[in-house]
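Position one of the sequence shown corresponds to residue 3 (the working numbering), numbered consecutively onward. A virtual CB, placed ideally from N, CA and C, is assigned to each residue, including glycine. Note that the structure is predicted; figures quoted are calculated from it, not measured. Since the structure comes first, as structure tokens, the remarks are kept for the end.
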Amino acid sequence: MELLWFFKDVGLALAILLLLGVLKVVYRLWILPNMAYHKLKRNGLSGPSPSFPLGNIDDMVKSKTKKTHVDSSSSLFKIISHDIHSKVFPYFAQWQKSHGKVFTYWLGTEPFLYIADPEFLKRMSLGVLGKSWGKPSVFRNDRKPMFGNGLVMVEGDDWVRHRHVITPAFSPANLKAMGSLMIETTNEMLDRLDVPDRLWQ
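Here is the structure:
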């Protein structure tokens, strides 16, 4: 009799633990992202609507597949374009046309901010505004081994200190001095490329 009560108690405890686990997963993967989505919308940051649980990954794959199909069916004599961004990331180009140069998109349940407006970026990074941005946990966990504790990964006061140290390297005078080196290197690379002359005509 006591053994039967023991198994009922254990079964009830396991059922409660399982229910709590399911509630935690639903809260983390459904409720929190949904709250973040609506908060971003209220603050004026729109973007493509995410779908559960992949966010916008499905749209990205469809857009990439569609673009590849169009590219492969076009003529052999393609026009060479310097618009690399829309070739490599057709979904960003499409979303930029419909949502503007600043929008949010979702990779799974993590929101990301896409910024292609230099003025917006300049306003946001002036002073100490940039130090409160934060990095998504997905970004920190996956890229820390590659980027270490450099400007890309640090946050808060460390970010301000790193930014202060590297800013002089990107002054207009320094960039102008590096311009000729960049042009020379690019020309050498283009000379080494084996591109048929018919594509340049």
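Exercise. Can you give the Cα-Cα distance for Pro120 and Trp108, rounded to whole angstroms?
Worked result: 22 Å
Problem set entry | Runs of alpha helix (DSSP H) lying entirely within the segment 162-199, each at least 4 residues, in chain order | 174-194
Exercise. DSSP puts Trp108 in a beta bridge; with which residues?
Worked result: Pro113
For this session: Compute the Euclidean distance between the alpha carbons of Glu190 and Ala179, then round it to the nearest angstrom.
Result: 18 Å
For this session: Report, in whole angstroms, the separation of the C-beta atoms of Ile168 and Leu153, which I expect to be a contact under 8 Å.
Result: 6 Å
Problem set entry | CA-to-CA distance, Leu177 to Gln98, given in whole angstroms | 28 Å
Problem set entry | Cutoff 6 Å; reference Ile117; Cβ partners in own chain excluding five residues on either side | Val104 and Leu123
Problem set entry | Endpoints, the alpha helix (DSSP H) within which Phe94 is located | Pro92 to His101
Exercise. Whose C-beta lies closer than 8 Å to the C-beta of Lys68 among residues of the same chain, with five residues either side of it excluded?
Worked result: Pro92
Exercise. Rounded to a whole number of angstroms, what is the C-alpha to C-alpha distance between Trp161 and Leu128?
Worked result: 13 Å
Exercise. At a Cβ threshold of 8 Å, is Pro147 touching chain D?
Worked result: No chain D appears in this structure, which consists of one protein chain only.
Problem set entry | Buried versus exposed call for Gly46 [16 or more other C-beta atoms within 10 Å across all chains shown] | exposed
For this session: Sort Gly49, Lys66, Asp60 and Ser173 by Cα distance to Ser88 and report the nearest one.
Result: Lys66
Exercise. When you compare only the Cα positions, how much space is there between Pro52 and Lys10?
Worked result: 42 Å
Exercise. Could you give the residue range of the alpha helix (DSSP H) that holds Pro35?
Worked result: Leu34 to Arg44
For this session: Compute the distance between the beta-carbons of Gly49 and Thr111, then report whether it is under 8 Å.
Result: no
Exercise. Quick one: is Phe79 buried, meaning 16 or more other Cβ sit within 10 Å of its Cβ, or exposed?
Worked result: Bear in mind that the predicted position of Phe79 carries a pLDDT of just 45, short of 50, making it unreliable; the figure below should be weighed with that in mind. Exposed is the call here.
Exercise. Can you round the beta-carbon distance between His166 and Val156 to whole angstroms, since I take them to be within the 8 Å contact cut?
Worked result: Not really, about 12 Å apart at Cβ, beyond 8 Å.
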